[in-house]
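Numbering (my numbering), first residue to last: 2 to 285.
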Ligand code: PAF
């Protein structure tokens, strides 16, 4: 695996690959790689001739009081895992390489319709930071396919919309949520869950599945379901951020006759904010 820190070297290497007729798959990450990231890389490998992963802890998508400084940086380990599964290239730029004019002066990309609800309501500016850096990474890598995890459902929906709106020539692929045996979605932030909390940390997933089953059983009192699920999370000792029964495409609150529904939630543990979602199709 070749490791790059500079945009020029990525462009040179991928330029050669493309000139040789190879297709490029891309998995953008912030590192601290676990099995869910590796599954995205495997997925990219199945569809493309060469695969590049980026590791960049993008300060632009973190709020002032968020965990940018605490975010685990585990480059050596990450590189070893990627090498082991046959990743071709790893791009780990310094902040100055990505934001040479500083972050305040950075041109921004905003997807207004979906960026300020759900996670965006609790994390103002977060998705603007994501869409800005992902646009930059797409311009650097120019991938044929980019793979994003469904665990970050809102991020995936926003990126799909951004690519459509800006006519970016990349196919966005979704990678399934990878879960621990008890249902907890794998996340780099799971390392912040305390040993006492861990046995109950799958509560978000349990409550989302409880809502899903209730809808499949015919309930359409979405407001009541949302507040009952939040109560379950509180009873397990966590602070719910939001729990929302949403239209899978628009992320607006689901209407009673919507057929494609996603139930999304976020909750706070002592030191982490965890997110998860489950989708369902309803026959009306
Ligand atoms: O999902 C992530 O890890 C990040 O939001 C991403 C897409 C790499 C952008 O920084």
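Think of the CB as a built atom: it goes at the ideal place given N, C-alpha and C, for glycine as much as any other residue.
- Query: Does the ligand PAF have a heavy atom nearer than 7 Å to the CB of residue 191?
  - Reply: As a position in the chain shown, residue 191 is number 190, starting the count at 1. Answer for residue 191: no, Cβ out of range of the ligand PAF.
- Query: So, is residue 30 buried or exposed, given that buried needs 16 or more other C-beta atoms within 10 angstroms?
  - Reply: Taking the chain shown and counting its residues from 1, one reaches residue 30 at position 29. Burial of residue 30 is indicated by the presence of at least 16 other C-beta atoms within 10 angstroms of its C-beta.
- Item | Top-ranked residue by Cα proximity to residue 41, from 27, 65, 33 and 221 | As a first step, residue 41 must be located in the chain shown, where it is residue number 40. Nearest of 27, 65, 33 and 221 to residue 41, Cα basis: 27.
- Neighbourhood of residue 133 by C-beta, 7 Å cutoff - its chain only, sequence neighbours within 5 removed: Sequence index remark: in the chain shown, residue 133 carries index 132 (1-based). So the qualifying residues of the chain are 61, 107, 109 and 110.
- Identify whether residue 24 lies in helix, strand or coil by the three-state DSSP scheme. In the chain shown, counting from the first residue as 1, residue 24 sits at position 23. Coil at residue 24, not helix or strand.
- Query: Given residue 276, which residues of its chain have a CB within under 6 Å of its CB, disregarding the five upstream and five downstream residues?
  - Reply: One-based indexing of the chain shown puts residue 276 at position 275. Within the same chain, residue 276 has close Cβ partners 267.
- Message: Do residue 186 and residue 231 count as a contact pair if the criterion is CB distance below 8 Å?
- Response: The sequence position of residue 231 within the chain shown is 230, counting from 1. The sequence position of residue 186 within the chain shown is 185, counting from 1. For residue 231 and residue 186, no; Cβs fall outside 8 Å.
- Query: Are there 16 or more other CB atoms within 10 angstroms of the CB of residue 226, so buried, or fewer, so exposed?
  - Reply: Here residue 226 is taken as the residue at index 225 of the chain shown, counted from 1. Buried is the call here.
- Task: List the DSSP bridge partners of residue 277.
- Result: On the chain shown, position 276 is the one that residue 277 refers to. 266.
- Task: Taking all protein chains shown into account, decide if residue 270 is buried (16 or more other Cβ within 10 angstroms of its Cβ) or exposed.
- Result: Within the chain shown, residue 270 is the residue found at index 269, counting from 1. Of the residues assessed, residue 270 falls on the buried side of the cut-off, its CB having 16 or more other CB atoms within 10 angstroms.
- Query: Where the beta carbon is closer than 6 Å to any heavy atom of the ligand PAF, which residues qualify, in chain order?
  - Reply: 29, 30, 31, 59, 62, 131, 134, 135, 153 and 156
- Item | Option nearest residue 32 by Cα separation, candidates 248, 114, 188 and 112 | On the chain shown, position 31 is the one that residue 32 refers to. If we check each option's Cα against that of residue 32, 188 comes out closest.
- Task: Can you give me the start and stop residues for the beta strand (DSSP E) that residue 122 sits inside?
- Result: Along the chain shown, one-based indexing puts residue 122 at 121. Element bounds for residue 122: not the beta strand (DSSP E) but the alpha helix (DSSP H), 120 to 123.
- Message: By DSSP's criteria, residue 57 is part of a beta bridge. Which residues make up the other side?
- Response: As a working mapping, residue 57 is identified with position 56 in the chain shown. The partner list for residue 57 (beta bridge, DSSP) is empty, contrary to what the question assumes.
- How big is the Cα-Cα spacing for residue 58 and residue 94? Mapped onto the chain shown, residue 58 falls at position 57. Mapped onto the chain shown, residue 94 falls at position 93. Looking at the two C-alpha atoms, the distance is approximately 10 Å.
- Inter-residue spacing [alpha-carbon to alpha-carbon] between residue 251 and residue 160: Numbered from 1 along the chain shown, position 250 holds the residue referred to as residue 251. Numbered from 1 along the chain shown, position 159 holds the residue referred to as residue 160. Each residue's Cα considered, the two are about 12 Å apart.
- Task: Could you check which residue in 141, 21, 37 and 215 has the C-alpha nearest to that of residue 190?
- Result: Translated into the one-based positions of the chain shown, residue 190 becomes position 189. The candidate whose alpha carbon is nearest that of residue 190 is 37.
- Message: Short of 6 Å in beta carbon distance, which residues of its chain neighbour residue 180, apart from the five on each side in sequence? Order them along the chain.
- Response: Stepping through the chain shown from its first residue, residue 180 is reached at position 179. Hits under 6 Å: 186.
- State yes or no: is the C-beta of residue 91 within less than 8 Å of the C-beta of residue 56? Locating residue 91 in the chain shown gives position 90, where the first residue counts as 1. Locating residue 56 in the chain shown gives position 55, where the first residue counts as 1. The answer is yes: Cβ separation under 8 Å.
- C-beta contact flag for residue 51 and residue 25 at 8 Å: Stepping through the chain shown from its first residue, residue 51 is reached at position 50. Stepping through the chain shown from its first residue, residue 25 is reached at position 24. With contacts defined by Cβ atoms closer than 8 Å, residue 51 and residue 25 form a contacting pair.
- Please classify residue 21: is it buried, with 16 or more other beta-carbons within 10 angstroms of its beta-carbon, or exposed? Within the chain shown, residue 21 is the residue found at index 20, counting from 1. Residue 21 should be labelled exposed.
- Between which two residues does the beta strand (DSSP E) carrying residue 235 extend? Taking the first residue of the chain shown as position 1, residue 235 is located at position 234. Residue 235 -> not in any beta strand (DSSP E); alpha helix (DSSP H) instead, spanning 223 to 236.
- The alpha helix (DSSP H) enclosing residue 84, as first and last residue numbers: As a first step, residue 84 is located in the chain shown; it is residue number 83 there, counting from the start. Counting along the chain, the alpha helix (DSSP H) containing residue 84 begins and ends at 76 to 85.
- Taking the alpha-carbon positions, what's the residue 105 to residue 222 distance? Within the chain shown, numbered from 1, the residue matching residue 105 stands at position 104. Within the chain shown, numbered from 1, the residue matching residue 222 stands at position 221. Rounded to the nearest angstrom, the two C-alpha atoms are 44 Å apart.
- Are residue 260 and residue 283 close, meaning C-beta to C-beta below 8 Å? Position 259 of the chain shown holds residue 260. Position 282 of the chain shown holds residue 283. Result yes, Cβ atoms of residue 260 and residue 283 sit closer than 8 Å.
- Message: Taking only three categories from DSSP, how would you classify residue 163?
- Response: Numbered from 1 along the chain shown, position 162 holds the residue referred to as residue 163. Note: residue 163 maps to helix in three-state DSSP.
- Per DSSP, cross-strand counterpart(s) of residue 244: The residue given as residue 244 occupies position 243 in the chain shown. 266, per the DSSP bridge assignment.
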